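J.: FYI, in our numbering the residues of the sequence shown are 6 to 85. A single structure is presented below for examination.
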Amino acid sequence: LLEYYLLRYETISSEAKRLLEEASDLEDTVSLTLSARRLELSKLELFLSICSLAVGTGAMIAGVFGMNLLNGFEVTPGVF
C-alpha cells in the first residue's frame, strides 16, 4: 500500500515539475514576443519622429520665407 502511494507521489511530483517548466518556457516566450513588439513600436516611433522633424524643418523654412522680413533675397535678381 505504501509503495502505491510512493509511486503516485513520484508521478504527481514529476508531472508538477514538468508543468512548472512548461509554464516557465511559456513565460519566456511571451516575454520575448512582447519585447519584439516593443521594439517594433520603438522603430515606428523613431520613424515618425524623423518624419515630423523633416516636415517641421520644411515648414520652418517656408515660414521664414513667407514672413515679411527683409533678408536680402528681395533685391537679388533671379531669386523670385
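All residues carry an ideal CB built from backbone N, CA and C; glycine is no exception. Since the model is a prediction, treat every value here as computed from it, not as a measurement.
Quick one: grab the DSSP three-state call for G61.
T.: The residue given as residue 61 occupies position 56 in the sequence shown. Three-state DSSP puts G61 in a helix.
J.: For P82 and G68, I'd like the C-alpha separation in whole angstroms.
T.: In the sequence shown, the residue the question calls residue 82 occupies position 77. In the sequence shown, the residue the question calls residue 68 occupies position 63. So the two alpha carbons sit approximately 22 Å from each other.
J.: Would you tell me roughly how many angstroms separate the C-alpha atoms of C56 and K48, rounded to the nearest one?
T.: Counting from one through the sequence shown, the residue named residue 56 turns up at place 51. Counting from one through the sequence shown, the residue named residue 48 turns up at place 43. Distance between the alpha carbons of C56 and K48: 12 Å.
J.: Report the three-state DSSP secondary structure of E50 (helix, strand or coil).
T.: For the purposes of this step, residue 50 is taken as the residue at position 45 of the sequence shown. Helix, per DSSP.
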